[in-house]
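> Protein chains in written order, with the numbering used here: chain A, 1 to 363; chain B, 1001 to 1294.
For glycine and all other residues, C-beta sits at the position ideal for the given N, C-alpha and C.
As the structure is a prediction and not an experimental result, all values here were calculated from the model.
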């Protein structure tokens, strides 16, 4: 009795206090000395304490396994990554690795190519939007179109890359078609000519990712109220003015969301395409070298893990900055828009989710 | 359909002047044409792959576009006996275990997240969203060195743990946002009846979560099945390679025999396409919600 009361009063961790309390003999007797604010009387004391115990430790018990795995895979790696970026074979190297990487022409080429791939983002957004609007207005058979146009996006990139490296050969299927259409001048050694190889890969990326943009925008379109569009049409708005003035502004949040994630894809998720279509080399020459391949080669082919770590740390830092900037700009725009709308109409529009995923889920 | 339309859309098709009507039909035709072209472009590589798998080398080189002369499965046999059988099995092992582990851990964490209030709750979810953006290549060097230190290179378990870790942020995010929509009253009622939080989770929450769990399972299966980089680095021994690693090497090794390569690719893709045909909406829902991942 004495022991358990002390534990209660001293506010010892609930987890250790609980076991001796349960079989305590005098739990029914009033104990005026225990004036705990959250536990006014002994009968109410146990459930209250138990509830609090559960509130604090229940979370931990349920979330701990996942948290451990994530801490290992993400937490450990990111910390270790930065440690390795500033050391060389165990000794402090400061920013020497980073400087070495930044002056490496291959790394510069890689960055340049990743930035060049960003050109695909507006192309993809425009293409996806165009197709989505066509399907939306035609509605008949939209499920069939959605099924087929989205199909490329579920195929594994390595498979796509192998098929396309056949199609894009000098004597491959694409050049054959071009020849038959009388466009033989356009034929090229798509993957073998350093001047076109990156563009060819961009084409493959667009081929696969367009389906995703299409589905994302179509889902949002289908969830829009029809009245606005019909009103605009009755007022005589043509195709372009209707969609430029009405539809695209309504899709602004999902387009922004798409641009951010697709931008991140172009900067840091194109390894699979490049690795397979250039046979792991980033060639011809360095024409398709990208940051991910640079990291991979330094770590696992050139035995220079400190350079790989420095490059990876740079990539990670840039990504975090871009992501934060993207979200920040979005939040700022939303905040300013809602303020001006408040001022204009004296009412607030339905809040648009900052993270576009929610807006998409119901579709 | 949209151009200049003097009459409201609700009126009969003949309402507009004749010229306008003809224009509209033409317009609709050109739209269908654009969509058909887009669809054709989306399907062409799949067509070339599947028909290529049935051709002979000479046939494929003569024209990748023609239909095969005979539908013989010989190339599939060659592909399977040259490694695709083993790789398929390895992919099945790695994918199924890592997805099962992810679902269990994510469901538990998401339930803990949505059931309890605690300090920094919003920060945990934001962290999950941020983690989805991290490309695996960034984590590769430290993880590989840790794996080598623990003598775990070329084992399935190391890849399974890494896959699970990489799939968790999105999985937790998705399930937590679903669990938080479950009416509080349902949970409260069960607790008043004396149910423990485990019982509530098993008897109330999980039975309500069928669609999101299927969606999540589909997305994770797709991701793990298609993953190349981690498998490439960690599964180096020939007997441990997954399909994607095998494909990346088969490409250079069997470059001369295109039909066999195409047959192998078809083997890797057919389970996905079959699943997509039957569960299209789960793919679309999950992938649009999981837009942050490859």
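Under 9 Å Cβ-Cβ, which residues of chain B neighbour residue 167 (chain A)?
Position 167 of the first chain holds residue 167 (chain A). 1044, 1045, 1048 and 1064, listed in chain order.
> State the DSSP-derived secondary structure class of residue 26 (chain A), mapped to helix, strand or coil.
Position 26 of the first chain, counting from 1, holds the residue named residue 26 (chain A). Because residue 26 (chain A) sits at a pLDDT of 38, beneath the cut-off of 50, its placement in the model cannot be relied upon, and the following sentence gives the value as read from the coordinates. Here residue 26 (chain A) sits in coil by DSSP.
> What's the gap between the Cα of residue 1236 (chain B) and the Cα of residue 1145 (chain B)?
Here residue 1236 (chain B) corresponds to residue number 236 of the second chain, with the count starting at 1. Here residue 1145 (chain B) corresponds to residue number 145 of the second chain, with the count starting at 1. Rounded to whole angstroms, residue 1236 (chain B) to residue 1145 (chain B) spans 14 Å at the Cα level.
> With a floor of 4 residues, list each alpha helix (DSSP H) that falls wholly inside the stretch 1108-1195 of chain B, ordered by position along the chain.
1121-1133, 1136-1149, 1156-1179 and 1184-1192
> For residue 62 (chain A), go through chain B and note every residue whose CB falls closer than 7 Å to its CB, in chain order.
As a first step, residue 62 (chain A) must be located in the first chain, where it is residue number 62. In chain order: 1108, 1109, 1111 and 1112.
> From what residue to what residue does the alpha helix (DSSP H) around residue 222 (chain A) run?
Stepping through the first chain from its first residue, residue 222 (chain A) is reached at position 222. 197-222 is the extent of the alpha helix (DSSP H) around residue 222 (chain A).
> Starting from residue 1071 (chain B), trace the alpha helix (DSSP H) both ways and give me its first and last residue.
For the purposes of this step, residue 1071 (chain B) is identified with residue 71 of the second chain, where counting begins at 1. Careful: residue 1071 (chain B) lies outside any alpha helix (DSSP H) and carries neither H nor E.
> Sorted by chain position, which residues of the same chain lie with C-beta nearer than 7 Å to residue 1106 (chain B)'s C-beta, five sequence neighbours on each side aside?
In the second chain, residue 1106 (chain B) corresponds to position 106, counting from 1. Same-chain partners within the cutoff: 1168, 1171, 1172 and 1175.
> Three or more beta-carbon pairs under 8 Å between the stretch 238-254 of chain A and the stretch 196-212 of chain A, yes or no?
no
> Check whether the Cβ of residue 1300 (chain B) lies closer than 9 Å to any Cβ atom in chain A.
The question about residue 1300 (chain B) has no answer, for chain B in this structure spans 1001 to 1294.
> Could you give the first and the last residue of the continuous alpha helix (DSSP H) run that contains residue 147 (chain A)?
Stepping through the first chain from its first residue, residue 147 (chain A) is reached at position 147. 142-154 is the span of the alpha helix (DSSP H), which, as asked, contains residue 147 (chain A).
> Do residue 132 (chain A) and residue 218 (chain A) have their C-beta atoms within less than 9 Å of each other?
Translated into positions along the first chain, residue 132 (chain A) becomes position 132. Translated into positions along the first chain, residue 218 (chain A) becomes position 218. A contact, by the Cβ cut-off of 9 Å.
> When DSSP labels each residue in this structure, what does residue 17 (chain A) get in the three-state scheme?
Sequence index remark: in the first chain, residue 17 (chain A) carries index 17 (1-based). Because the pLDDT at residue 17 (chain A) is just 37, under 50, the model does not fix this residue reliably, and the point stays unresolved.
> Check whether the stretch 90-108 of chain A touches the stretch 282-295 of chain A, taking contact to mean three or more Cβ pairs, one atom from each stretch, closer than 8 Å.
yes
> State whether the stretch 1068-1087 of chain B contacts the stretch 1269-1281 of chain B, with contact taken as three or more CB pairs (one from each stretch) at a distance under 8 Å.
no
> Kindly say whether residue 111 (chain A), judged by its beta-carbon, lies nearer than 9 Å to any beta-carbon of chain B.
In the first chain, counting from the first residue as 1, residue 111 (chain A) sits at position 111. It does not: the Cβ of residue 111 (chain A) has no partner Cβ on chain B nearer than 9 Å.
> Quick check for students: name the residue ranges of the alpha helix (DSSP H) that lie wholly in the stretch 269-301 of chain A, counting only runs of 4 or more.
271-277 and 291-300
> Assuming residue 262 (chain A) and residue 209 (chain A) are in contact, meaning their beta carbons sit under 8 Å apart, how far apart are those beta carbons, in whole angstroms?
Taking the first chain and counting its residues from 1, one reaches residue 262 (chain A) at position 262. Taking the first chain and counting its residues from 1, one reaches residue 209 (chain A) at position 209. Yes, they are in contact, since the Cβ atoms of residue 262 (chain A) and residue 209 (chain A) sit about 7 Å apart, within 8 Å.
> Of the residues that make up the stretch 266-290 of chain A, which ones have a beta carbon closer than 9 Å to any beta carbon in chain B?
267, 268, 269, 271, 272, 275, 276, 279 and 280
> So, using beta-carbon positions, are residue 1048 (chain B) and residue 167 (chain A) closer together than 9 Å?
Mapped onto the second chain, residue 1048 (chain B) falls at position 48. Mapped onto the first chain, residue 167 (chain A) falls at position 167. Against a cut-off of 9 Å, the Cβ pair of residue 167 (chain A) and residue 1048 (chain B) comes out as a contact.
> Closer than 8 Å by beta-carbon distance: list the chain B residues that pair up with residue 70 (chain A), in chain order.
Mapped onto the first chain, residue 70 (chain A) falls at position 70. Ordered by position in chain B, the residues that pass the 8 Å Cβ test against residue 70 (chain A) are 1131, 1165, 1168 and 1169.
> Pull up the distance between the alpha-carbon of residue 1162 (chain B) and that of residue 1028 (chain B), whole angstroms please.
Taking the second chain and counting its residues from 1, the one referred to as residue 1162 (chain B) is at position 162. Taking the second chain and counting its residues from 1, the one referred to as residue 1028 (chain B) is at position 28. Rounded to the nearest angstrom, the two C-alpha atoms are 50 Å apart.
> For the stretch 238-258 of chain A, enumerate the residues whose C-beta is nearer than 8 Å to any C-beta of chain B, in chain order.
238, 239, 242, 257 and 258
> Taking buried to mean at least 16 other C-beta atoms within 10 Å of its own C-beta, is residue 180 (chain A) buried or exposed?
The residue you call residue 180 (chain A) lines up with position 180 of the first chain. So residue 180 (chain A) ends up on the exposed side.
> Could you check which residue in B:1248, B:1279 and B:1224 has the C-alpha nearest to that of residue 1103 (chain B)?
As a position in the second chain, residue 1103 (chain B) is number 103, starting the count at 1. Answer by Cα proximity: B:1224.
> Does any CB atom of chain B fall closer than 9 Å to the CB of residue 313 (chain A)?
Locating residue 313 (chain A) in the first chain gives position 313, where the first residue counts as 1. It does: the Cβ of residue 313 (chain A) has a partner Cβ on chain B nearer than 9 Å.
> Find the residues of chain B that neighbour residue 77 (chain A), judging by a C-beta separation of less than 7 Å, and give them in chain order.
As a position in the first chain, residue 77 (chain A) is number 77, starting the count at 1. Those are 1139, 1142 and 1143, listed as they occur along chain B.
> Would you please verify whether the beta carbon of residue 302 (chain A) is less than 9 Å from any beta carbon of chain D?
Protein chains in the displayed structure are A and B, and chain D is not among them.
> Let me know the secondary structure DSSP gives residue 91 (chain A) once reduced to three states.
Residue 91 (chain A) sits at position 91 when you count from the first residue of the first chain. Three-state result, residue 91 (chain A): strand.
> Can you tell which of A:70, A:117, A:221 and A:99 has the C-alpha that lies nearest to the C-alpha of residue 264 (chain A)?
Indexing the first chain from 1 puts residue 264 (chain A) at position 264. The residue with the shortest Cα to Cα distance from residue 264 (chain A) is A:117.
> Output, in chain order, the set of chain B residues within a Cβ distance shorter than 7 Å of residue 154 (chain A).
Start at 1 with the first residue of the first chain, and residue 154 (chain A) comes out as number 154. By Cβ distance, chain B contributes 1222, 1272, 1276 and 1283.
> Taking residue 81 (chain A) and residue 311 (chain A) to be in contact with their CB atoms under 8 Å, please state how far apart those CB atoms are, rounded to whole angstroms.
Residue 81 (chain A) sits at position 81 when you count from the first residue of the first chain. Residue 311 (chain A) sits at position 311 when you count from the first residue of the first chain. In fact, because the Cβ distance is near 10 Å, the residues do not count as touching under 8 Å.
> Expressed to the nearest angstrom, what Euclidean distance is found between the alpha-carbon atoms of residue 1292 (chain B) and residue 1069 (chain B)?
For the purposes of this step, residue 1292 (chain B) is identified with residue 292 of the second chain, where counting begins at 1. For the purposes of this step, residue 1069 (chain B) is identified with residue 69 of the second chain, where counting begins at 1. Confidence in residue 1292 (chain B) is poor, its pLDDT being 38 and thus under 50, which makes the residue's placement unreliable; the coordinate value appears in the next sentence. The alpha-carbon atoms of residue 1292 (chain B) and residue 1069 (chain B) are separated by roughly 43 Å.
> Relative to the C-alpha of residue 1258 (chain B), which residue among B:1063, B:1043 and B:1164 is closest?
Your numbering for residue 1258 (chain B) matches position 258 in the second chain. For residue 1258 (chain B), the nearest C-alpha among the options comes from B:1063.
> Taking Cβ-Cβ distances below 9 Å as the criterion, which residues of the stretch 1210-1235 of chain B are in contact with chain A?
1222, 1225, 1226, 1227, 1228, 1229, 1232 and 1233
> So, with DSSP's three-state summary, where would you put residue 303 (chain A)?
Position 303 of the first chain, counted from the first residue, corresponds to residue 303 (chain A). The answer is coil: DSSP assigns residue 303 (chain A) none of H, G, I, E or B.
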